[in-house]
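Chains as they are written, first to last, in this note's numbering: chain A, 982 to 1072; chain B, 982 to 1072.
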């Protein structure tokens, strides 16, 4: 008997979306306040962002994957007026 | 005239919180659906997580920073029942 295993090498894009440094982050401030109330000291600042993992098929070539992830980040996941984003490709 | 610049070397902890793989992510599915409606193809899966940047004072030693960030992630930022977290320290 012959067992054939096919690995579908799907690629993963990681997208990090953060508020621009000049934009106030009340959610981060609330977390910082809670953390301090819980007794943690030496916290200078907390900022919250978003993190997305996008799994892409192998139907796209590596360059296509990078372009697609970049476009999705810019057009769907981030609001470029107030947010910065960073895309990382993992194979 | 003598200008003295003091750099306060604050350390930054980055915390990534993601849903455990076995937990359904309806928000991620909604994003995947929207992205497909917008014409992007070859998207196998989208999962949304959270991302936090914690700036810590230099009053803590490097080991203390790591421990503090780990505790904040476990006790405040993530729900260990349904979420995984990862902590990175950046100097």
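A virtual CB, placed ideally from N, CA and C, is assigned to each residue, including glycine. If you're wondering where the values come from, they're calculated on a predicted model, not measured in any experiment.
Fill in: Cα-Cα separation, residue 992 of chain A to residue 1055 of chain A
Position 11 of the first chain, counted from the start, is the residue given in the question as residue 992 of chain A. Position 74 of the first chain, counted from the start, is the residue given in the question as residue 1055 of chain A. Each residue's Cα considered, the two are about 19 angstroms apart.
Fill in: Beta-carbon proximity list for residue 1083 of chain A, same chain, < 6 angstroms, skipping 5 on both sides
Beyond the ends of chain A as shown, which are 982 and 1072, falls residue 1083 of chain A; an answer cannot be given.
Worksheet item: Is DSSP giving residue 1017 of chain B helix, strand or coil here?
Response: Taking the second chain and counting its residues from 1, one reaches residue 1017 of chain B at position 36. Helix, per DSSP.
Fill in: Within chain A, the residues that residue 1020 of chain B reaches when beta carbons sit closer than 7 angstroms
Your numbering for residue 1020 of chain B matches position 39 in the second chain. Ordered by position in chain A, no residue passes the 7 angstroms Cβ test against residue 1020 of chain B, which lies about 10 angstroms from the chain.
Item to complete: Output, in chain order, the set of chain A residues within a Cβ distance shorter than 9 angstroms of residue 1041 of chain B.
Response: Stepping through the second chain from its first residue, residue 1041 of chain B is reached at position 60. The contacting residues are 1022 and 1023.
Worksheet item: What is the rounded straight-line gap between the Cα of residue 1051 of chain A and the Cα of residue 1040 of chain B?
Response: Here the question's residue 1051 of chain A lines up with position 70 in the first chain. Here the question's residue 1040 of chain B lines up with position 59 in the second chain. In a straight line, the C-alpha of residue 1051 of chain A is about 39 angstroms away from that of residue 1040 of chain B.
Worksheet entry | residue 1007 of chain B to residue 1029 of chain A span [Cα, whole Å] | Translated into the one-based positions of the second chain, residue 1007 of chain B becomes position 26. Translated into the one-based positions of the first chain, residue 1029 of chain A becomes position 48. For residue 1007 of chain B and residue 1029 of chain A, the distance between alpha carbons rounds to 21 angstroms.
Fill in: residue 1062 of chain B, buried or exposed, once every other Cβ within 10 Å from all chains shown has been counted against 16
Translated into the one-based positions of the second chain, residue 1062 of chain B becomes position 81. With fewer than 16 other Cβ atoms within 10 Å, it is exposed.
Practice prompt. For residue 1016 of chain B, go through chain A and note every residue whose CB falls closer than 7 angstroms to its CB, in chain order.
Written response: Taking the first residue of the second chain as 1, we reach residue 1016 of chain B at position 35. Going along chain A in sequence order, the residues near residue 1016 of chain B (Cβ under 7 angstroms) are 1053 and 1057.
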